[in-house]
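Chemist:
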Ligand SMILES: C[S@@+](CC[C@H](N)C(=O)[O-])C[C@H]1O[C@@H](n2cnc3c(N)ncnc32)[C@H](O)[C@@H]1O
């Protein structure tokens with residue numbers, strides 16, 4: 008289908024840089040070249056275009072991964088590397104009702120909204136209104152705002168909801184909300200936590216061991232990208248060495 012005003016496009020430059028843009032009658036500039044975005048109307052995804060100085064750009068259809076890598080952010084966000092496993096461990100799929108606390112800029116919120124489908128729901132607690140506004144923008148960019156109930160609340164010791172399919176905590180002191188998470192979850196269902204430091208893991212483990220949770224796991228995901236020259240395949244020189252530690256557990260009836 009030909010591209011029209013308002014469509015999102017991932018511009019891939021010949022140097023390998025990517026830019027997520029929305030088609031409108033305006034100029035878009037990179038450090039190397041300039042493109043008039045109005046000229047993209049009527050073209051198809053996959054087409055090749057040239058900037059004023061001759062730089063080549065491919066017009067790609069943005070994937071959910073692209074949107075997540077390009078979220079507007081006012082907080083630390085969870086990256087697709089970790090989100091992929093979070094979605095599977097939390098069994099997030101069509102029709103599920105998922106609760107997150109520490110919605111921040113809404114990177115995870117966007118992925119959860121994508122995964123729960125039309126009939127699912129994401130409940131997202133965030134104490135800072137300005138962060139939640141950014142989260143709303145990011146989710147709206149995907150057209151998924153109907154699937155999210157945004158709650159601008161600081162959670163101290165309980166959630167309003169019960170019978171939730173999965174809970175995810177991404178905040179500084181998640182151990183303070185483990186009892187609240189247990190109360191909100193359906194029996195046997197998963198809890199996920201992301202923390203950036205190992206001392207936070209210890210705090211969480213102490214509390215998880217005290218409460219009726221089983222199947223406790225702590226892990227870290229390392230992603231190493233490779234250069235794509237077929238004659239010289241080797242890892243990239245730089246990598247993101249640390250994002251966060253993931254903790255997973257399941258609600259049980261008793262210890
Ligand atoms: C690292 S950010 C979350 C990032 C988010 N998961 C994402 O992917 O964009 C942590 C957020 O937790 C929020 N927060 C911390 N304690 C909270 C609480 N008790 N209730 C609600 N939000 C809280 C902070 O305001 C902050 O925005």
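Residue numbers (the working numbering): 8 to 262. Even glycine gets a Cβ: it sits at the ideal position worked out from N, Cα and C. Predicted, not measured: the structure shown is a model, and the values here were computed from it.
Below 8 angstroms on the Cβ atoms is my guess for residue 208 versus residue 256; work out the distance and round it to an integer in Å.
Modeler: Mapped onto the chain shown, residue 208 falls at position 201. Mapped onto the chain shown, residue 256 falls at position 249. Actually they do not touch by this definition, with Cβ atoms about 12 angstroms apart.
Chemist: To the nearest angstrom, how far is it from the Cα of residue 246 to the Cα of residue 88?
Modeler: As a working note, residue 246 is residue 239 in the chain shown. As a working note, residue 88 is residue 81 in the chain shown. Their Cα atoms are separated by approximately 13 angstroms.
Chemist: How far does the beta strand (DSSP E) with residue 112 in it extend, from its first residue to its last?
Modeler: Within the chain shown, residue 112 is the residue found at index 105, counting from 1. No beta strand (DSSP E) contains residue 112, which DSSP labels as neither H nor E.
Chemist: Quick one: using the 10 Å Cβ neighbour count with 16 as the cut-off for buried, is residue 133 buried or exposed?
Modeler: By 1-based counting over the chain shown, the position of residue 133 is 126. So residue 133 ends up on the buried side.
Chemist: I'd like the list of long-range same chain contacts for residue 60, defined as Cβ closer than 6 angstroms, with 5 residues on each side in sequence excluded.
Modeler: One-based indexing of the chain shown puts residue 60 at position 53. Once the five neighbours on either side are set aside, the close Cβ partners of residue 60 are 40.
Chemist: Does the Cβ of residue 23 have 16 or more other Cβ atoms within 10 Å, making it buried, or fewer, making it exposed?
Modeler: Working through the chain shown from its first residue, we reach residue 23 at position 16. Burial call: exposed.
Chemist: In the structure shown, what three-state DSSP assignment does residue 181 receive?
Modeler: Along the chain shown, read from residue 1 onward, the residue named residue 181 stands at position 174. Three-state result, residue 181: helix.
Chemist: Can you tell me whether residue 36 is buried or exposed? The criterion is at least 16 other CB atoms within 10 Å of its CB, across all chains shown.
Modeler: As a first step, residue 36 is located in the chain shown; it is residue number 29 there, counting from the start. Under a 10 Å Cβ-count criterion, residue 36 is classified as exposed, with fewer than 16 other Cβ atoms of the shown protein chains found around its own Cβ.
Chemist: If you check the beta carbons only, do residue 164 and residue 188 fall under 8 angstroms apart?
Modeler: Against the chain shown, residue 164 aligns to sequence position 157. Against the chain shown, residue 188 aligns to sequence position 181. Going by C-beta atoms, residue 164 is not nearer than 8 angstroms to residue 188.
Chemist: Taking 7 angstroms as the limit between beta carbons, can you name the residues of its chain near residue 144, skipping five residues before and five after?
Modeler: The count along the chain shown starts at 1 and reaches residue 144 at position 137. These residues qualify, in order along the chain: 79.
Chemist: Using the C-alpha atoms, what's the distance from residue 157 back to residue 191?
Modeler: Walking along the chain shown from the start, residue 191 turns up at place 184. Walking along the chain shown from the start, residue 157 turns up at place 150. Cα to Cα, residue 191 sits roughly 17 angstroms from residue 157.
Chemist: Does any heavy atom of ligand 2 sit closer than 7 angstroms to the C-beta of residue 84?
Modeler: This structure simply doesn't include ligand 2; it includes ligand 1 instead.
Chemist: Return helix, strand or coil for residue 204, following the three-state DSSP convention.
Modeler: To locate residue 204, count along the chain shown from 1; it is residue 197. Of the three classes helix, strand and coil, the one that applies to residue 204 here is coil, per DSSP.
Chemist: Expressed to the nearest angstrom, what Euclidean distance is found between the alpha-carbon atoms of residue 242 and residue 236?
Modeler: On the chain shown, residue 242 is found 235 positions in, with the first residue counted as 1. On the chain shown, residue 236 is found 229 positions in, with the first residue counted as 1. Whole-angstrom Cα-Cα distance: 11 angstroms.
Chemist: Please report the residue range of the alpha helix (DSSP H) in which residue 148 lies.
Modeler: Residue 148 sits at position 141 when you count from the first residue of the chain shown. It spans 136-148 - the alpha helix (DSSP H) in which residue 148 sits, taken as one unbroken run.
Chemist: Which one of 198, 219, 138, 123 has the shortest CA to CA distance from residue 261?
Modeler: Residue numbering aside, residue 261 sits at position 254 when the chain shown is read from its first letter. The shortest Cα separation from residue 261 among 198, 219, 138, 123 belongs to 219.
Chemist: At a cut-off of 7 angstroms, is residue 112 close to ligand 1 when judged by its beta-carbon and the heavy atoms of the ligand?
Modeler: Within the chain shown, numbered from 1, the residue matching residue 112 stands at position 105. Because some heavy atom of ligand 1 lies under 7 angstroms away, the Cβ of residue 112 counts as near it: yes.
Chemist: Would you list, in sequence order, the uninterrupted beta strand (DSSP E) runs of no fewer than 3 residues that lie entirely inside the segment 38-123?
Modeler: Uninterrupted beta strand (DSSP E) stretches at least 3 residues long and entirely within the segment 38-123 occur at 41-43, 55-57, 63-67, 104-108, given in chain order.
Chemist: With DSSP run on the structure shown, which of helix, strand or coil describes residue 168?
Modeler: Residue mapping note: residue 168 aligns to position 161 of the chain shown, counting from 1. Looking at residue 168 - three-state DSSP - the assignment turns out to be coil, as it is neither helix nor strand.
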